[in-house]
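> 103 is the number that numbering that gives the first Met the number 0 gives to position 104 of the sequence shown; each next residue is one higher, with no gaps. In this text, a Cβ means the ideal position worked out from N, Cα and C, and glycines have one as well. Handing you this structure, nothing more for now.
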Amino acid sequence: MSNAALSAIFEQMADVMEILGQDRFRINSYRTVARIVGELPTDAAAMLETGQLAKTPGIGKSSLAKIEEFIKTGRIKAHQELLAGIPPTLLELLNIPGVGPKSVKALYENLSVKSLADLERALGEGLVETLPGFGVKKAAAIRRGMEFIEKAAGRIRLDQAIVAAATVTGYLHELPGIDRIQPAGSLRRRAETIGDVDILVTTRGGASKDEQTPEQIITAFTKAPFVDRVLGAGGTKGSVIIHTETTPVQVDIRVVPPESFGAAAQYFTGSKAHNVRLREIAVKAGLRLNEYGLFKGETMIAGVVEEEIYDKLGLDFVDPLLREDRGEVEAAQKHALPQLVRLEDIRGDFHAHTTATDGHNTIEEMAQAAKELGYQFLCITDHSQSTSIANGQTPQRLAKQIKEVHKINAKLKGITLLAGAEVDILSDGSLDFDDKLLADLDFVVASIHSALGGAREKVTARTLKAMDNPYVTSIGHPTGRVIGYREAMDLDMSAVIEHAAQTGTALEVNADPSRLDLKDVHCKMAIEAGVKLAIGTDAHSAAGLMLMPFGVATAARGWATKTDVLNTLPLAKLQKLLKAKLTRSPIE
Ligand code: DGT
Ligand code: CA
Ligand code: CA
Ligand code: ZN
């Protein structure tokens, strides 16, 4: 049992108690326990064993007893009693962005709303806006939120898909008779959300004794310990639901003949739109393209490897990251595909938190971890005071931290820390620190953390005004979205990108897989306008720095080359560039 599962139970107990209008004090203490457990450095069971958990501030006697009960029995009686006190479908309402336990309580008590369907009905009848404290605006926001979760239904985050795929490929590697394993579909394209995970395998040819028929492989796969449900299993393909630590995941597996491996990889990597374009080109050339190969009449002219297929169609090889029919087919015909930025090009990270605010590791520990990643630089960007929930720093604390960063830098070998901050963009577009303090920083990430639901003109104006400040290096997580949880701000992205170009402000590509903000298509727009991207992991721990590949993939999906991404600059060049506000002049 994981700390995450335990944390979720405490969170849910707090939610239910709040819906039932129970004791505030206990609700708050459960939320605290949920947060603490979710952030524990090691397994809660191990910490209970050693007595460390009992000494952890914020975990009282009764919570400790519940944790112990959970570890021993896998359940908490108080939790189950709470759940028994409400309709089971009521908690689904909490998945709607902007709907918390208080709203659920009001909807339940006043309108007898017990499920998403009830809420839909109440919205249709115009009842929701009549509730005290609701109004037309909030009702509209709830309606948008419902559309948002409907759209997201069944899709998972990229990091969750990667974990699921690793579980499956690890298992497949151990099966006898399997030769190659190739993840395909949206996962291989590194799309921001994944509907299902597609995996191709080939069997070993020849008469070896551990040779297996495709059917035997599919059968073995459906019997894997992580498989919860078999949706379908046939001669060459199987479709199952597996469980992971965080979510159920649908996995489709196909056994393909070795001589068609390239064609199958091409076909099942997609996207559908990209494949449609390729098939059109094939047809025009009098050829036929499918998952078995590229054919001229009955003769297969390509299909063992993907490259061959593109080549025979007169196209340069298209990186899977670009296969979305966003101009890559034309570019491949004209030999004009971009040379995409790669993880190896990255020399540092522009967004990291420490124990000074809501991070879990000290400045030194973060520096050490960055050094181990082979970086030349790491930018320390703790929160500013307005983000009080994250223990944001006052100007005094930041001033002290800058000195500390410089002191640590003098001792560090092989890596340089940049003194930075993630400064809040306030509601009027002004910044949470004054210019005098900002001038002492090497790198300033300016982010919106409040009133994200504001009107388009308002959130856009705030962002534009922040860019006017000469000390602002980049705009952090520009749209504020949290995938599957919170909608993006209603930003005028064209205006933001134009202003970024005019003011020489970089735009962040937040690499956290629950953000990926800017997203791929916005990265492409920014690059076309000459705006530089600054990838930041937004790490809240040393491990968080390892999210960089998600940011790089997102930038690359937006056609970013090395020169479009500030993280690829050698430190000396970067420092030169940071001295003045970034200019539009190309970085050589
Ligand atoms: P997802 O799973 O919704 O995140 O997106 P994909 O792209 O992984 O889609 P999926 O799993 O339905 O199919 C995997 C790939 O198989 C898809 O990207 C392209 C190929 N494919 C599936 N169905 C069709 C089709 O009807 N036509 C064509 N041209 N390709 C298809
Ligand atoms: Ca898929
Ligand atoms: Ca699929
Ligand atoms: Zn941050």
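What did DSSP end up calling asparagine 509 once you bin it into helix, strand or coil?
strand
> Between which two residues does the beta strand (DSSP E) harbouring glutamine 588 extend?
This structure leaves residue 588 out entirely; the chain is present only between 0 and 587.
> Is the separation between the beta-carbon of arginine 346 and that of threonine 567 shorter than 8 Å?
yes
> Considering only residues of the same chain and omitting the five flanking positions on each side of glutamate 307, which have a CB-CB separation below 7 Å?
Gly261 and Ala301.
> Who are the near neighbours of glycine 57 in its chain, counting only those whose CB is closer than 7 Å to its CB and skipping five residues on each side?
Thr31, Val32 and Ile35
> Going by the CB atoms, is the gap between threonine 415 and glutamine 392 shorter than 8 Å?
no
> Rounded to the nearest angstrom, what separates glycine 550 and aspartate 158 at their Cα positions?
12 Å
> Would you identify the three-state DSSP class for serine 584, choosing helix, strand or coil?
Because serine 584 carries a pLDDT of 43, less than 50, the predicted location of this residue cannot be relied on, and the following value inherits that uncertainty. Here serine 584 sits in coil by DSSP.
> With a CB to CB cut of under 6 Å and the five nearest residues on each side skipped, what residues in its chain are close to lysine 236?
Result list for lysine 236: Arg253, in chain order.
> Can you tell me whether glutamate 38 sits near ligand 4, meaning its C-beta is under 7 Å from at least one heavy atom of the ligand?
no
> Judging by CA-CA distance, which residue of Val229, Asp324, Ala331 and Arg480 is the nearest neighbour of leucine 314?
Ala331
> Quick one: residues in its chain with C-beta nearer than 6 Å to the C-beta of glycine 9, no 5 flanking neighbours on either side, listed in chain order?
The residue you asked about is not glycine; residue 9 is phenylalanine in the sequence shown. Counting only Cβ-Cβ distances below 6 Å, and skipping sequence neighbours, we find Tyr29, Val32 and Ala33.
> For isoleucine 534 and alanine 510, which I take to be in contact (beta-carbon distance under 8 Å), what is that distance rounded to the nearest angstrom?
Correct: roughly 6 Å between the Cβ atoms.
> Should the segment 91-107 be called in touch with the segment 489-506, which here means at least 3 C-beta pairs below 8 Å?
no
> Might you give, ordered along the chain, the residues of its own chain that have their beta carbon closer than 7 Å to the beta carbon of threonine 459, omitting 5 neighbours on each side?
For threonine 459, where only same-chain residues beyond five positions count, the Cβ hits under 7 Å are Leu490, Asp491, Ala494 and Val495.
> I need the straight-line Cα distance from lysine 39 to leucine 63, nearest angstrom please.
The sequence shown places leucine at residue 39, not lysine. Whole-angstrom Cα-Cα distance: 14 Å.
> Roughly how many whole angstroms lie between the Cα atoms of aspartate 439 and threonine 472?
13 Å
> Within 10 angstroms of the Cβ of lysine 283, are there 16 or more other Cβ atoms? Answer buried if so, exposed if not.
exposed
> Determine the DSSP secondary structure at serine 385, reduced to helix, strand or coil.
coil
> Are the Cβ atoms of tyrosine 309 and valine 303 separated by less than 8 Å?
no
> Exposed or buried, glutamine 265, counting other C-beta atoms within 10 Å across all chains shown (16 or more means buried)?
buried
> Excluding the 5 residues flanking histidine 172 on each side, which residues of the same chain have their C-beta closer than 6 Å to its C-beta?
Nothing meets the Cβ criterion.
> Grouping DSSP H, G and I as helix and E and B as strand, with all else coil, what is lysine 370?
helix
> Can you tell which of Gly503, Ile75, Thr504 and Thr536 has the C-alpha that lies nearest to the C-alpha of aspartate 516?
Thr536
> Relative to the C-alpha of tryptophan 558, which residue among Gly326, Phe432 and Ile155 is closest?
Comparing Cα positions, the closest option is Gly326.
> Once the 5 residues before and after valine 443 are set aside, which same chain residues still bring their CB inside 7 Å of it?
Taken in chain order, the residues that qualify are Gly419, Ala420, Val422, Leu437, Tyr470, Val471 and Thr472.
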